[in-house]
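Here is the structure we will look at, set down as C-alpha cells.
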Amino acid sequence: MTIGLVGHYLGARMGIGTFIDRLLPPLIDALDKRGIDAKVITSPNALSQTPAIQSLQQRSPEKVSVLPALDYSPIKRFAWVATNFSSYCHQSGIDQVIWLSNPMVLPWHPPSIVVLHDVNEWKAKEKYGSQVKTTLRAWMYLEASIAWAKKIITISEATTADLRSFRPQPSLRQKIRTIPNGLDSPLANLTPAKINPPSAPFLLSVGRIDPAGKKLPEAIALTQALRTLTGTPWEIHFLGGMNKSTQQAGEAFLQEVEALPWAYYHGFTTDAELAAWYGQSTAVVFLSQNEGFGSPIAEAVSFSKRVVVNAHNPASLGAGGDAVVPVVPGITENEATTAAATVLSQLERNQTEAETLIAPSGAVRSKTYTYADAAIAYAEEISQLNSGH
Numbered sequence: 001m002t003i004g005l006v007g008h009y010l011g012a013r014m015g016i017g018t019f020i021d022r023l024l025p026p027l028i029d030a031l032d033k034r035g036i037d038a039k040v041i042t043s044p045n046a047l048s049q050t051p052a053i054q055s056l057q058q059r060s061p062e063k064v065s066v067l068p069a070l071d072y073s074p075i076k077r078f079a080w081v082a083t084n085f086s087s088y089c090h091q092s093g094i095d096q097v098i099w100l101s102n103p104m105v106l107p108w109h110p111p112s113i114v115v116l117h118d119v120n121e122w123k124a125k126e127k128y129g130s131q132v133k134t135t136l137r138a139w140m141y142l143e144a145s146i147a148w149a150k151k152i153i154t155i156s157e158a159t160t161a162d163l164r165s166f167r168p169q170p171s172l173r174q175k176i177r178t179i180p181n182g183l184d185s186p187l188a189n190l191t192p193a194k195i196n197p198p199s200a201p202f203l204l205s206v207g208r209i210d211p212a213g214k215k216l217p218e219a220i221a222l223t224q225a226l227r228t229l230t231g232t233p234w235e236i237h238f239l240g241g242m243n244k245s246t247q248q249a250g251e252a253f254l255q256e257v258e259a260l261p262w263a264y265y266h267g268f269t270t271d272a273e274l275a276a277w278y279g280q281s282t283a284v285v286f287l288s289q290n291e292g293f294g295s296p297i298a299e300a301v302s303f304s305k306r307v308v309v310n311a312h313n314p315a316s317l318g319a320g321g322d323a324v325v326p327v328v329p330g331i332t333e334n335e336a337t338t339a340a341a342t343v344l345s346q347l348e349r350n351q352t353e354a355e356t357l358i359a360p361s362g363a364v365r366s367k368t369y370t371y372a373d374a375a376i377a378y379a380e381e382i383s384q385l386n387s388g389h
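Residues 1 to 389 in full-length UniProt numbering are what the sequence shown spells out, letter by letter.
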C-alpha cells in the first residue's frame, strides 16, 4: 500500500508552506513505523521553497515526485488533475491520496483524505478578485472535498466551527477530524542573522502582503495611534511575500508604505533573519480575521513575544493562548486609539510583572503540542483509511 502525500503551493513559503515543511518529516517517520509507504507529490515551486522536501529528495529521490502541472493557474491545474491525476496515481502505484494543501478531489480519484486550512472562499465572496472566481475556487477546493473525500482534517477548532457553520449537514460531521497544527517553532533555536533593528519600539508584521485579508491598513493605523498616545516614535516593519491573487493590491499598499517614514518593508527573508526580527521586536501584529491557524502567532510565542491579534478570529486565540492581545482593528482614529490603548496596557503590565511576560505559558504550550504530535494523529487517520474504517 502506497500513500501519496500531496503538498504544493505558489509563491514563498508562508503559512501552508511552513505547515508542509514542519509536518512532512515526522509524518513520513510515523508512517514508516506503521509499515506504510509514502510518496510526496509536489510542485517545482514547493520543492524550491520547502527544505523538508528538498532534504527528502536528496535522501530518497524515489519518494518525491515533482509535477509541474500543480503550479498551473487554478483552472488549468484542476483540468490537469481531473484528466490526468487518476492515471498518474495508477501508474505510480499510489493507492490512496492525502491532500495536505489545495485539495482537488474527484470521485474517480483514489480514496482521499483532505486537509482544510480555512474556509475563506466562503467568508470573503470576492477574495480572488470577483465573486465568480471565488465561487469556482470554493467549488474546487471545498465543495468537492466535502462531496468526495473519505475524511476531512481541519487544522484548528476554529476552522472546524466555520466548516460546520457553513455546511451543517449531519453526514459531514462524521467526516471531520480536527488535528491542530503544532505550536513548536524551530526558529527560536536558530542562530539569528545580523540585522539593523530600529532603536525605537516597533511592531513586526509577518506574512503575505495582502492588505484586505491581513488587515494591513489597520496595522498601520494602530502604529500611528501608538505614536500619538505615547509620544514615542513607534515603527512597523513588514516581512513577507506576495502571491498572484493579491499582488496588485499588495504593490499598491507598499507604495503607500514608502511614503511613511516609520513603516518599512523588508520582503521575504531567510529563517535566520526572521528569527532575528522576531527576537528584536517589541510585539508582533497579526490582525487577519479569517485565518485557520496563523503560523506567525505560534512563532512569536516561541520568542516570548506578545501578539496583537483580531479579537474576532478564534484561531488566533488558539495559536497564541495567553500571549495574545485581542483588539478590534480599525482604520478610524477612534478605533485605532482604542486598540493602541489595549496594547499599551498589556505591554506595561508585562513590565510590572518582572518580565514574566509570556515565556512561561508560551514554553508550556510549545511542549504540550508539537508537529510531531500532529504527525502521529495524521498517521492514525491514514492507518484507519488504510484499514477501511
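In this text, a Cβ means the ideal position worked out from N, Cα and C, and glycines have one as well.
- For Leu10, the secondary structure class from DSSP, reduced to helix, strand or coil, is coil.
- Cβ atoms of Gln96 and Pro74 stay farther apart than 8 Å, at about 24 Å.
- Three or more beta-carbon pairs separated by less than 8 Å link the stretch 225–234 to the stretch 337–350, which places the two stretches in contact.
- Straight across, the Cα-Cα distance linking Leu222 with Thr270 is about 27 Å.
- Here Val325 really is in contact with Gln346; their C-beta atoms are around 5 Å apart, less than 8 Å.
- Rounded to the nearest angstrom, the gap between the Cα atoms of Val40 and Gly4 is 6 Å.
- Here the stretch 48–58 does not lie against the stretch 75–85, with fewer than 3 beta-carbon pairs under 8 Å apart.
- Pro103 and Ser145 do touch by the CB rule: their CB atoms are close to 5 Å apart, below 8 Å.
- For Asp37, the enclosing beta strand (DSSP E) starts and ends at Asp37 to Thr42.
- Cβ contact annotation for Glu157 (same chain, cutoff 6 Å, sequence separation greater than five): Thr178, in chain order.
- Annotation: the continuous alpha helix (DSSP H) that includes Trp148 extends over Ala144 to Trp148.
- DSSP lists Leu203 as the bridge partner or partners of Ala283.
- Within the stretch 52–101, the complete alpha helix (DSSP H) segments at least 4 residues long are 74–80 and 86–92, listed from N- to C-terminus.
- Cβ contact annotation for Ser316 (same chain, cutoff 8 Å, sequence separation greater than five): Phe286, Ser288, Glu291, Gly294, Ile297, Val307, Val309, Asn310, Val324 and Pro326, in chain order.
- As computed with DSSP, Arg177 is found in a beta bridge with Ile153.
- Here Phe238 carries a strand assignment [DSSP, helix/strand/coil].
- For Ile113, the pairing in a beta bridge is given by DSSP as Ile98 and Lys151.
- Contact annotation: Leu116 and Thr154 have beta-carbon atoms nearer than 8 Å.
- A direct Cα-Cα distance of roughly 8 Å separates Ala263 from Phe238.
- Within the model, the alpha-carbon separation for Pro314 versus Gln91 is close to 43 Å.
- Within its own chain, the residues whose Cβ lies closer than 7 Å to the Cβ of Trp80, once the five positions on either side in sequence are excluded, are Ala69 and Tyr72, listed in chain order.
- Met1 counts as exposed, since fewer than 16 other C-beta atoms from the protein chains shown sit within 10 angstroms of its C-beta.
- Beta-bridge analysis with DSSP links Ala263 to Ile236.
- Note that the stretch 272–286 touches the stretch 202–218; at least 3 beta-carbon pairs, one per stretch, sit closer than 8 Å.
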